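Peer 1:
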Amino acid sequence: MRRRTTAAVAATALLGAGATVVAVGRRAARTALRSGGPPVGFGGPEAVIVSMAPEKGTVTLVGPAAGGPGAAPDLPGRYGLVAADGARGAGRLVGTVGEVVRSEAAGGSGAITVTRRLEPDPTGDVPLEPAGRWGRFPGTRVRLTPAVHAGNPRTALGLPHAALEIPAELGTLPTWFVPGDRDLWVILLHAPGAGREQALNLLPFLHRNHLPTLVPTLRGDPGAPPAPGGIDRLGTAEWRDADAALRHAARYGARRVVLIGWSAGADMALRTAAESALRDRITGVVLDSPLLHWPAALRALAGERGVPRPLVRLARGAARGGIGLPAPRPTGPPSRPDGRPLPVLVVQGSEDRVAPRSAARELVARAPESVVEHTVPGAGHAACWNVDPEGYEERLRRFLTPLL
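Residues -23 to -1, 1 to 381 in mature numbering (1 follows the signal peptide of the UniProt record, and there is no 0) are what the sequence shown lists, from first letter to last.
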C-alpha cells in the first residue's frame, strides 16, 4: 500500500512539474510573439538621447553596442528615430537619423555614444517647436525603426492617395491606395511591428514608375482588427490579410499583381502566392529579409523581449502546441497555377541575424531559373533599403521591368 502511495505521489509530482513546464513555455512564447512590439531586429534595449543640436542637424545617443539583441544606435543607414515604449510620445517619430558622425565607447559599460545626422520629422508627429522644445528631449528613451516617415502618403510624401477599408477575415483593414497608370499593381506588406509606414520608404519609387499600389494594415496594427489572443503568428495566419488586399485589387480590375513583403510580410507574400484562390493574378514576388524558418525569428524576438535563453526551446514547443504555428518545413519556390515558376527576388542583408541566409539560398538553389538573390552589404534584418536605397530601387527596377 505504501509503495502505491509513493508511486501516486511521484506521478502527481511529475504531472505537476510537466504542467509547470508547459505553462512556462506558453508564457515565454506569448512574450516573444506578443502583438504590437517593435519589429523583429529593432527591439531589445533602447538608446537614450544625450543631446540634440538642431542648428548642426545632429543628435547624440547612448545605447548598447552591436552584438546584442536589437538595433545598435550606430547601425549603418538611414532610420526613423521613435520614442520608446513608456517614453513621452511613445511610438511617435522624432526624426530620421542618417550618417554616423562620431562613435565611441561609453566607459566600460559595453555601451557606445553615437552622434548622427538628424532630420526632424516634417509631419509634426512629434511637435518640434523652437529651442525650448528641443531641450525636453535629452533623457528620452528612443529606438531605431526601418520606417523613415510618419503620416500618410500625402502628408509624408505629397503623393495622392485614397483611404480605403478592405473587408478581411477578422474585420476591415484600413488601406492606402496610391493610383498609377499601369495595369501591374503592387501590394506592400510590412513587417509586424513596423506599421504600414514602412511602406512609405518605397512609395516614391513606385509612384515614379506609375504603379498603382495598395498598402494595407494587418491584424494587430493600430486601427486594424486585433490579432487573436494578442499574438503575432509570423505570417502563418496574417497572409489572409494579404489575400484580402489581393481580392480587393482583383475586384477593381487588377489582372497582374506583384507582392512585396518585409520580414514576416515576405512570408505572407509567399503563402498568398501558394494558397490564394486568386494566385493566378500574381506576376512576381519580392521577399525582403524573408523569415522562411519561424523558429529563428522566435529566437530573435525572445532575445529582444527578455525571454531567458533556457526558455527559448520551451517557447518553440509552445508556439507549435499552444499557439498553433505550423511545423517548420523547407519553403519551396512559388509557381503559377499552371506549374510555371513565378519570378521571385530575394533581398537580404549580409548582417541579418534574424532570418537565416541559408534558407534564402536554399530557395534560390531549388529554382535558380526563377529566383534571384540580391545581398546588401552591411544591412541588418529588413533594413536593406535603409542601407542602400539607390541600389535597392535599381535592383527592384530591373526585376519589375520585364513584368510591366
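Each residue gets a CB set at the ideal place from its N, CA and C atoms; glycine is no exception.
Since the model is a prediction, treat every value here as computed from it, not as a measurement.
Do three or more CB pairs link the region 229 to 243 to the region 259 to 268 at distances below 8 Å?
Peer 2: yes
Peer 1: Evaluate Tyr56 with the Cβ neighbour count: other Cβ atoms within 10 Å of its Cβ, from every protein chain shown; 16 or more gives buried, anything less gives exposed.
Peer 2: buried
Peer 1: If you drop the 5 nearest sequence neighbours on each side, which residues of the same chain put their C-beta closer than 8 Å to that of Val39?
Peer 2: These residues qualify, in order along the chain: Ala24, Val25, Val27, Pro50, Ala83, Ala88, Ile89, Thr90 and Val91.
Peer 1: How big is the Cα-Cα spacing for Ser266 and Leu70?
Peer 2: 23 Å
Peer 1: Taking the Cβ atom as the reference point for each residue, do Gly280 and Pro46 lie within a distance shorter than 8 Å?
Peer 2: yes
Peer 1: Can you tell me the Cβ-Cβ gap for Thr194 and Ala201, rounded? I've got them flagged as a contact below 8 Å.
Peer 2: 4 Å
Peer 1: Quick one: using the 10 Å Cβ neighbour count with 16 as the cut-off for buried, is Arg120 buried or exposed?
Peer 2: By the 10 Å Cβ count, Arg120 comes out buried.
Peer 1: Within this structure, are the beta carbons of Leu183 and Trp162 separated by less than 8 Å?
Peer 2: no
Peer 1: With a threshold of 6 Å on Cβ separation, who are the neighbours of His225 within its own chain once the five nearest residues in sequence on each side are excluded?
Peer 2: Ile143
Peer 1: Check Gly326 in the structure and name its three-state DSSP category.
Peer 2: Here Gly326 sits in strand by DSSP.
Peer 1: With a threshold of 16 other CB atoms inside 10 Å of the CB of Pro379, please say whether the residue is buried or exposed.
Peer 2: exposed
Peer 1: Please go through the region 177 to 256 and give each complete beta strand (DSSP E) segment of 3 or more residues, from N-terminal end onward.
Peer 2: 190 to 193 and 233 to 239
Peer 1: Quick check: what's the CA-CA separation for Thr149 versus Glu328?
Peer 2: 37 Å
Peer 1: Beta-carbon separation of Gly357 and Ala48 under 8 Å?
Peer 2: Cβ distance < 8 Å, so Gly357 and Ala48 count as in contact.
Peer 1: Any contact between the region 207 to 214 and the region 123 to 141? By contact I mean 3 or more CB pairs, one from each, below 8 Å.
Peer 2: no
Peer 1: To the nearest angstrom, how far is it from the Cα of His126 to the Cα of Pro320?
Peer 2: 30 Å
Peer 1: Would you say Thr149 touches the ligand ADP, meaning its beta carbon is less than 7 Å from a heavy atom?
Peer 2: In terms of ligand content, the structure shown is empty, and the ligand ADP therefore cannot be addressed.
Peer 1: By how many angstroms is the C-alpha of Pro366 removed from the C-alpha of Leu180?
Peer 2: 12 Å
Peer 1: Could you spell out the range, first to last residue, of the beta strand (DSSP E) harbouring Val155?
Peer 2: Gly148 to Val155
Peer 1: Can you check which of these residues, Arg372, Val234, Ala145 and Gly21, is closest to Pro285 by C-alpha distance?
Peer 2: Gly21
Peer 1: Could you tell me which residues DSSP puts in a beta bridge with Val25?
Peer 2: DSSP, once it has assigned bridges, lists Val39 and Arg118 as partnering Val25.
Peer 1: For the alpha helix (DSSP H) that Pro366 lies in, which residues bound it at each end?
Peer 2: Pro366 to Leu377
Peer 1: In the structure shown, what three-state DSSP assignment does Glu32 receive?
Peer 2: coil
Peer 1: By alpha-carbon positions, which one of Gly316, Ala139, Gly299 and Arg306 ends up nearest to Glu339?
Peer 2: Arg306
Peer 1: State buried or exposed for Ser86, treating a residue as buried only when at least 16 other CB atoms are found within 10 Å of its CB.
Peer 2: exposed
Peer 1: Which partner residues does Leu70 have in the DSSP bridge list?
Peer 2: As a beta-bridge residue in DSSP terms, Leu70 pairs with Val59.
Peer 1: For Gly238 and Gly172, I'd like the C-alpha separation in whole angstroms.
Peer 2: 12 Å
Peer 1: Are the Cβ atoms of Pro53 and Val364 separated by less than 8 Å?
Peer 2: It is a contact, given that the beta carbons lie within the stated cut-off.
Peer 1: Below 8 Å between beta carbons: does that hold for Ile300 and Ala6?
Peer 2: yes
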